[in-house]
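Visitor: Right, I'll just put the structure down here and ask away after.
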Amino acid sequence: MDHLRDRLVAVTENILTRRRARKEARREKQKKKNVVVDWLEAFVWAALVVLVINQYLLQAYQIPSGSMMDTLLINDRIFVNKVVYGPELLPGLLKVPGLFSPRRGEVVIFENPSYLSRGPLFDIVQRILYMMTLSMVDIDRDELGRPKAHFLIKRAVGMERDRIRQRDGNLEIMARGEGRWMSETDFQTFSGIRYPVKRMIPESEYRTVRLAGIGVAHQDMRLPLREEWVRAVQSLQSAEYMDGFTFDEWRTRTLYGMNPQDRRYGARWRVHNDGIVIPPGNILPLGDNRDNSRDGRYFGSVKTSKILGRAMIRYWPPGRMGPVH
């Protein structure tokens, strides 16, 4: 019995001695470690944690334009929930299925369909830096030094199999299963889904907009112009509500006066008159600042597989902190 007890004591002392020796060795190694290397390791680990959180859970995003005013303002910083729609395994690659699909009225972030990539390697590096710095560093800039819109943030307004059109700048929706057109305001009441819509062009000015559109269409077709069309174009170019628009941008917005028999304008006229149908598995994203947003009315509907997340909370500036609705 005494022999067994002595044996247990010896084994225990041996284990404790080894543990103490390992601790001492680690302590000595830490003392010899370069302070710069120590800080560098801490930074790398912190950066990796931030990267993993941004890639798979919450991504920081900075608002680049006024297309979502007044819901989101330029330079607002928000967190985007990437779990709900499924994160990408690698930046720009291999998106996994999410818990939910985008729903009407949600503010979503997605890849810009008009974005011209510099190549997959650059995209990965750019997105890693963007995420690791919480959207403070963006190396993807144009020739004037402005950040390119690699991602867009808009509201999911049109859902699959909806029919959408515009009348005097006002959106009209024929929802799936409904046989009638409804204004966006009436549709919000009908569906019980509320969201803000900001307008910059007064409704009283749409006669001028319409006449100017007819004039531009005739000018493009080299047809004779009436004086009232010319006056409308001149009036529109100097209008206060056109501040910030280039005339080419406005020309793209204007679909009035298109001749359905002219092959250059027939397709646009039919879209204006009959609307567009959202394909299955797609949404139509639109900006809340409806008269100043380059959105689905230009590049079309967006596949749900290209939607990266849902806007969750605004964390900067401090005076505007709160959930995004």
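The numbering used here puts the first residue of the sequence shown at 1, with every later residue one more than the last. We put the CB at the ideal spot given by N, CA and C, even for glycine. Given the structure is predicted, the values throughout are model-derived calculations rather than measurements.
Can you tell me whether DSSP reads E227 as helix, strand or coil?
Guide: Start at 1 with the first residue of the sequence shown, and residue 227 comes out as number 227. Three-state DSSP puts E227 in a helix.
Visitor: By how many angstroms is the C-alpha of W229 removed from the C-alpha of S235?
Guide: To locate residue 235, count along the sequence shown from 1; it is residue 235. To locate residue 229, count along the sequence shown from 1; it is residue 229. If you take the alpha carbons of S235 and W229, they lie about 10 Å apart.
Visitor: Would you kindly check if the distance between the Cβ of N289 and the Cβ of S359 is under 7 Å?
Guide: No answer is possible for residue 359: it lies beyond the span of the chain, which begins at 1 and ends at 325.
Visitor: Give the list of continuous beta strand (DSSP E) stretches no shorter than 3 residues that lie fully inside the stretch 158-193.
Guide: Here the runs fully enclosed are 163-167 and 170-174.
Visitor: Straight-line CA distance for G145 to M182?
Guide: Taking the first residue of the sequence shown as 1, we reach residue 145 at position 145. Taking the first residue of the sequence shown as 1, we reach residue 182 at position 182. If you take the alpha carbons of G145 and M182, they lie about 43 Å apart.
Visitor: Short of 6 Å in beta carbon distance, which residues of its chain neighbour A175, apart from the five on each side in sequence? Order them along the chain.
Guide: Within the sequence shown, numbered from 1, the residue matching residue 175 stands at position 175. Correct list, in chain order: D162.
Visitor: Assuming the contact rule is C-beta atoms closer than 8 Å, F122 and L308 should be a hit. Round their C-beta distance to whole Å, please.
Guide: The residue labelled residue 122 in the question sits at position 122 within the sequence shown. The residue labelled residue 308 in the question sits at position 308 within the sequence shown. Not a contact, Cβ separation roughly 18 Å.
Visitor: Residues in its own chain within less than 6 Å of G257 by CB, not counting five upstream and five downstream?
Guide: Looking up residue 257 in the sequence shown gives position 257. Low confidence applies here, because G257 scores a pLDDT of 43, under 50, leaving its location unreliable; read the following figure in that light. If we look at G257 and ignore the five residues flanking it on each side, its Cβ neighbours are G213, I214 and A217.
Visitor: Note the first and the last residue of the continuous beta strand (DSSP E) segment covering R127.
Guide: Here residue 127 refers to the residue found at position 127 when the sequence shown is read from its first residue. Run containing R127: none in the beta strand (DSSP E); it sits in the alpha helix (DSSP H), P120 to M132.
Visitor: Following the continuous alpha helix (DSSP H) through L211, name the residue where it begins and the one where it ends.
Guide: By one-based count along the sequence shown, residue 211 stands at place 211. Start and end: Y206 to D220.
Visitor: At which residues does the alpha helix (DSSP H) containing R297 begin and terminate?
Guide: In the sequence shown, residue 297 corresponds to position 297, counting from 1. Start and end: G296 to F299.
Visitor: Measuring CB to CB, does G98 end up less than 7 Å from V84?
Guide: Translated into the one-based positions of the sequence shown, residue 98 becomes position 98. Translated into the one-based positions of the sequence shown, residue 84 becomes position 84. Taking 7 Å as the Cβ cut-off, G98 and V84 qualify as a contacting pair.
Visitor: With H, G and I counted as helix, E and B as strand and the rest as coil, what does DSSP make of V318?
Guide: Taking the first residue of the sequence shown as 1, we reach residue 318 at position 318. The sequence given here places Pro at residue 318; Val does not occur at that position. Three-state result, P318: helix.
Visitor: Taking the C-alpha atoms as reference points, what is the distance between E184 and I276?
Guide: By one-based count along the sequence shown, residue 184 stands at place 184. By one-based count along the sequence shown, residue 276 stands at place 276. If you take the alpha carbons of E184 and I276, they lie about 15 Å apart.
Visitor: Quick one, are the C-beta atoms of P280 and E160 less than 7 Å apart?
Guide: Locating residue 280 in the sequence shown gives position 280, where the first residue counts as 1. Locating residue 160 in the sequence shown gives position 160, where the first residue counts as 1. Yes, these two residues count as a Cβ contact at 7 Å.
Visitor: Leaving out five residues on either side along the sequence, give the residues of the same chain with a beta carbon under 6 Å from the beta carbon of V233.
Guide: Here residue 233 refers to the residue found at position 233 when the sequence shown is read from its first residue. Excluding residues within five positions, the ones whose Cβ falls inside 6 Å are A212 and G215.
Visitor: Report yes if the CB atom of E172 is closer than 7 Å to the CB atom of R180, and no otherwise.
Guide: Reading the sequence shown from its first residue, position 172 is the one you call residue 172. Reading the sequence shown from its first residue, position 180 is the one you call residue 180. No, the pair does not count as a contact, with Cβ atoms beyond the cut-off.
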